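Structure first, then comments.
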Amino acid sequence: MSALAKARRIGRIPVVDVAPVVDGGNRPAKSVVGEEFEVTATVFREGHDAVNATVVLVDPAGHERSLSMTRVNAGLDAWAVTVSGDSAGRWAFRVEGWSDPYGTWNHDAVIKIGAGVDVELMLEEGARVLDRAVAEVERTNGQARVLQAAAAMLRDAESSPEVRLNAGLSSAVVRELRERPLREHVSAGANLPWLVERERALYGAWYEFFPRSEGAHFDESAGGWVSGTFATAAKRLAAVAGMGFDVIYLTPIHPIGRVNRKGPNNSLNGDEQDPGSPYAVGSSDGGHDALHPDLGSFDDFDLFVGEAGRLGLEVALDLAFHCAPDHPWIEQHPKWFTTRADGSIAYAENPPKKYQDIYPLNFDNDPEGLYAELRRVVQVWIDHGVRIFRVDNPHTKPVEFWEWLIADVAVSHPEVIWLAEAFTRPPMMRTLAQAGFQQSYTYYAWRHTKTEIEEYLRELSGPAAAYMRPSFWPTTHDILTPFMQRSGPAGWVLRAALAATLVPTYGIYTGYELVENVARPGAEEQIDNEKYQYKDRQWATHGEQTLAPFLRRLNEIRRAHPALHWLRNLRFHRADDENVLVFSKSRRVYDRDDVILVVANLEPAVTRETTIHLTMPELGLAPSDTFVAHDLITGQHWNWGEHAFVRLGAATEPVHIIHVTPY
1 MSALAKARRI GRIPVVDVAP VVDGGNRPAK SVVGEEFEVT ATVFREGHDA VNATVVLVDP
61 AGHERSLSMT RVNAGLDAWA VTVSGDSAGR WAFRVEGWSD PYGTWNHDAV IKIGAGVDVE
121 LMLEEGARVL DRAVAEVERT NGQARVLQAA AAMLRDAESS PEVRLNAGLS SAVVRELRER
181 PLREHVSAGA NLPWLVERER ALYGAWYEFF PRSEGAHFDE SAGGWVSGTF ATAAKRLAAV
241 AGMGFDVIYL TPIHPIGRVN RKGPNNSLNG DEQDPGSPYA VGSSDGGHDA LHPDLGSFDD
301 FDLFVGEAGR LGLEVALDLA FHCAPDHPWI EQHPKWFTTR ADGSIAYAEN PPKKYQDIYP
361 LNFDNDPEGL YAELRRVVQV WIDHGVRIFR VDNPHTKPVE FWEWLIADVA VSHPEVIWLA
421 EAFTRPPMMR TLAQAGFQQS YTYYAWRHTK TEIEEYLREL SGPAAAYMRP SFWPTTHDIL
481 TPFMQRSGPA GWVLRAALAA TLVPTYGIYT GYELVENVAR PGAEEQIDNE KYQYKDRQWA
541 THGEQTLAPF LRRLNEIRRA HPALHWLRNL RFHRADDENV LVFSKSRRVY DRDDVILVVA
601 NLEPAVTRET TIHLTMPELG LAPSDTFVAH DLITGQHWNW GEHAFVRLGA ATEPVHIIHV
661 TPY
C-alpha cells in the first residue's frame, strides 16, 4: 500500500471531511500572503472521552506550526480554525485528531466531585494528567510551573475539594494546555497542498487599453490614420495611475495578419488602410514573439514597461495563442493547424461569430514541438518585464497544456499571474482555475438582479474561493450588455462600484470613463469597435466631464480599506425592496475592524426608498448598537442601527459605500 493510501486510512481518532480540498487533494487550495480562510474538519471518536483537533501548517521550508481548532458544532463533531500563510510558496496543511486526557478529566471531575463521588481519586488523577503534561510536552520553566503548581494544589489535602478542583480548572491551566496540549492517539490526516501567492493574484484594479489607439490620430495631409506607439501610449499611463489602477492591460501588440484582414465593425472587406484585429496575430513581420512595427521596437517596449513601473503599474499582456493566415508558423509548422477535407485550414468560429482572420492551433499533432514553442514565447515577454498574462480563450486549448505551462513557468518565475478570459461553461472555468490560473473572468456582466448577484457571489466566495478568483468587468472590448446600453451614467457608476466592492479584482475597458454605450446593431459590443479600427478619444477635451473622478475615488476607497482586498469575507444583508442589494465586508487589521457596507439600487433610473435590515454581528456589532454610516463617495454621515432607511437613485446616488464606525 502506498504511503498516501496509508495516510488516508481512518486513524484511531477519525478525521474526515477536511476542507478546503481541491480535486481530492491532487491540486492545491489557494490563498495570498496574509489572506485568512477557514480549515474545517469532522473529528470524533468512540465512547465519551474528550477529543480534540489541531491543524498543522507546513511552510515552504518544511517548518511546522500547530494551531488549535475549535469545535463549532458538537452535535456534528465539526471543527474549524482560521489560518493564513505569511510568505509566498508551496505550503501544506493537515488536520490531526487526538484524544484529550485533560479534557476527559475536566469533564468527569466537575460532575463527580460536584456529586461527591470518588473525590480524592479524581483529584489525584487530575494531578497525574498535569504531571504527564509537564513530562511529555516541551515547555519553558515558567509554563511548566503553571501546571506544577496546579498539580500540587490538587494534592493539597489541607484545602477543600472545591479549592483544589478550581486550581486544576483555572484559566491559566486551560490556556497553557490549549497552547501546548497533552495529546494521545494522535491521528493525522493527509498533508494537503496549499499554494500561497503574492497579493496581486487576488487583489487589483485593472485598466485595459489598445496601445495603437493611445496617440492615434487622423492625418488629413496623409489622408489616413497614424497609429499610436509605445511612446504615445506611455503618455497615457500617468492618467491611468492617477485614477488609482494597479495593472495596465495591453491587448495584443504583435504584427497583424494581412490575409482576410477585418475592416470596421467586423466587416470582411478590410484593406491595407485598416489596422485589422490585433487578435489576428502574425504576418511577414513576425509572430507572437515580435512587435507590430507601428508600435515601436523592443527598446520602446522596455521603456513603456519601465514607465509603468515607475508609476506603480504592472503590465499585463494579452496572450492570444492563435494565428493569422500569414503567420510564420503556417509555413514553418503546418502540423500545428487543422486541415479540412478540401485542403484549407480551419478558421476560428464561435457561432454565430466567425473569425476568418484567425486560425486556431491544433495541440494534438505535434504537442512536444508546439508546447516548447509557446513556452519560449512566454519567456520572451517575461524577459521584457511582463509578470501578468491575460489569456485569450484558454478554454479552446487543452487544459493539460495550461497546467503544464503555468507550472513550468512557476519553477523559475512563481510571481507570474495568469488571468483566464474564459466566458464558457462552469466546469471548464473551474477546471482551468484548478489547473493553475490565478484569476478568471466571470459571468458578472450578465448578472443584474439581486437574486442573480447573491446566488452567484455566494458560489464564488464560498468553497470555490479555495481555487478560483473572480475578476469582474462591467464591459470589455467584446461585451456591451443591454443594461450597459440603456442605463446611462448612473448605471455605469453602479456597475463599476459593484465590481470594485463585491470582489477584490475588477477591471474596466478604456472609454468606460466616457460611457461609450452605443452598440453595433445586432451585437452586444460597441459600434465602431476598437478591435477593428483606431479610436482617438481626445482625452484632453473631456476635462472632468467623465467618470474618471468617480473611478479615482473608487480606487482610493479600495486601497484605504483592506476589507475590500478579500473575497471570502463577503456577507449579504436584507432590504425590503427586491431591487436594492446590501452586502458587507469586514477584516481585522491590527487592533481594529475595517468594515465596509454597500447599499446599491440595481435599477438606478428609478429612485428607490426602502428599509434595510442588517445582521449586526457581521458588522462586529450587537443588535442594539448604533453606528456612524459614513458614505465614502459623497462624504455624508448618518446614524444607523439594525434597521435603516435609504434613498437611492440617479438624481441622488445609485450606491452607498459606507464605512461603519461604531460609537
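With UniProt numbering, the residue at position 327 of the sequence shown is 327, and numbering never jumps. Yeah, the Cβ is synthetic: ideal placement off N, Cα and C, and Gly gets one too. Every value quoted in this text rests on a predicted model; they were computed, and no experiment measured them.
If we count the other Cβ atoms within 10 Å of its Cβ and call it buried at 16 or more, is residue i buried or exposed?
i, result
"tyrosine 590", "exposed"
"methionine 1", "Note that methionine 1 has pLDDT 45, beneath the 50 cutoff, so the model's placement of it is unreliable and the number below is only indicative. Answer is exposed; the Cβ neighbour count stays below 16."
"proline 623", "exposed"
"valine 15", "buried"
"residue 683", "The requested residue 683 is not part of the displayed model; the chain covers only 1 to 663."
"leucine 4", "For leucine 4, the predicted structure reports a pLDDT of 48, less than 50, and the residue's modelled location is therefore unreliable. A value from the coordinates is still provided. It is exposed - the Cβ of leucine 4 has fewer than 16 other Cβ atoms within 10 Å."
"serine 221", "exposed"
"valine 55", "buried"
"glycine 282", "buried"
"valine 411", "exposed"
"alanine 324", "buried"
"serine 584", "buried"
"serine 87", "exposed"
"proline 252", "buried"
"histidine 327", "buried"
"glycine 224", "exposed"
"leucine 76", "exposed"
"lysine 335", "exposed"
"glutamate 609", "exposed"
"histidine 322", "buried"
"tyrosine 663", "exposed"
"threonine 541", "exposed"
"glutamine 273", "exposed"
"aspartate 219", "exposed"
Strictly by DSSP, which residues pair up with residue i?
i, result
"histidine 613", "Arg574, His643"
"histidine 63", "Histidine 63 pairs with nothing; no bridge assigned."
"lysine 354", "Glu349"
"tyrosine 506", "Ala205, Phe472"
"isoleucine 658", "Leu597, Asp631"
"threonine 339", "Ile345"
"arginine 27", "Val22"
"aspartate 318", "Arg390"
"isoleucine 248", "Tyr207, Val315"
"glutamine 438", "For glutamine 438, which the question treats as bridged, DSSP gives no partner whatsoever."
"phenylalanine 218", "Trp225"
"histidine 637", "His630"
"valine 16", "Thr42"
"leucine 374", "Per DSSP, none; premise fails for leucine 374."
Which residue from the options puts its Cα closest to that of residue i?
i, options, result
"threonine 40", "His542, His613, Tyr467, Ala80", "Ala80"
"glycine 491", "Leu547, Tyr532, Ser159, Arg128", "Leu547"
"leucine 154", "Ile113, Val137, His185", "Ile113"
"alanine 500", "Tyr467, Pro521, Arg553, Gly522", "Arg553"
"arginine 200", "Gly24, Phe437, Ser584", "Phe437"
"glycine 244", "Ala205, Glu544, Phe44", "Ala205"
"proline 604", "Trp105, Gly62, Leu648", "Leu648"
"valine 503", "Ile358, His542, Leu570", "Leu570"
"histidine 48", "Trp381, Trp105, Ser84, Glu368", "Trp105"
"phenylalanine 159", "Pro662, Leu123, Gly142", "Reading off the sequence, residue 159 comes out as serine, not phenylalanine. The shortest Cα separation from serine 159 among Pro662, Leu123, Gly142 belongs to Leu123."
"valine 386", "Leu405, Trp225, Trp418, Ala231", "Trp418"
"methionine 428", "Thr451, Ile406, Glu455, Glu400", "Glu400"
"valine 606", "Ile633, Ile612, Ile596, Ala651", "Ala651"
"threonine 611", "Val582, Leu192, Arg568, Gly343", "Val582"
"glutamate 578", "Arg587, Val21, Ile453", "Ile453"
"leucine 319", "Thr396, Pro351, Phe93, Ile10", "Thr396"
Within 8 Å of any Cβ in chain D, is that where the Cβ of residue i sits?
i, result
"aspartate 49", "Although the question refers to chain D, the structure presented lacks it and comprises just one protein chain."
Hey, residue i and residue j are a contact pair by Cβ (cut 8 Å); roughly how many whole angstroms apart?
i, j, result
"proline 470", "leucine 480", "About 20 Å separates the two Cβ atoms, so there is no contact after all."
"phenylalanine 304", "alanine 234", "5 Å"
"arginine 90", "proline 60", "6 Å"
"tyrosine 207", "glycine 507", "7 Å"
"leucine 551", "alanine 464", "That pair is no contact at about 28 Å."
"glycine 287", "tyrosine 532", "Contact flag wrong, Cβ pair sits at about 21 Å."
"phenylalanine 37", "arginine 568", "6 Å"
"residue 739", "alanine 600", "Past the edges of the chain, shown from 1 to 663, lies residue 739, and the structure says nothing about it."
If you scan the region 31 to 88 from start to end, which runs of the beta strand (DSSP E) of 3 or more residues do you find wholly inside it? 37 to 43, 51 to 58, 64 to 68, 70 to 73, 78 to 83
In chain order, which beta strand (DSSP E) runs of at least 3 residues are fully inside the region 513 to 591? 570 to 575, 580 to 589
Please give the ranges of any beta strand (DSSP E) in the region 168 to 215, keeping only runs that are unbroken, at least 3 residues long and fully inside the region. 184 to 188, 192 to 197, 204 to 209
My parser needs the beta strand (DSSP E) runs of 3 or more residues fully inside the region 399 to 435; what are they? 417 to 421
Which parts of the region 76 to 159 are runs of the beta strand (DSSP E), unbroken and 3 residues or longer, counting only runs that do not cross its ends? 78 to 83, 89 to 99
Enumerate, from N- to C-terminal direction, the unbroken alpha helix (DSSP H) stretches of 4 or more residues contained entirely within the UniProt region "Disordered" (260 to 286). none
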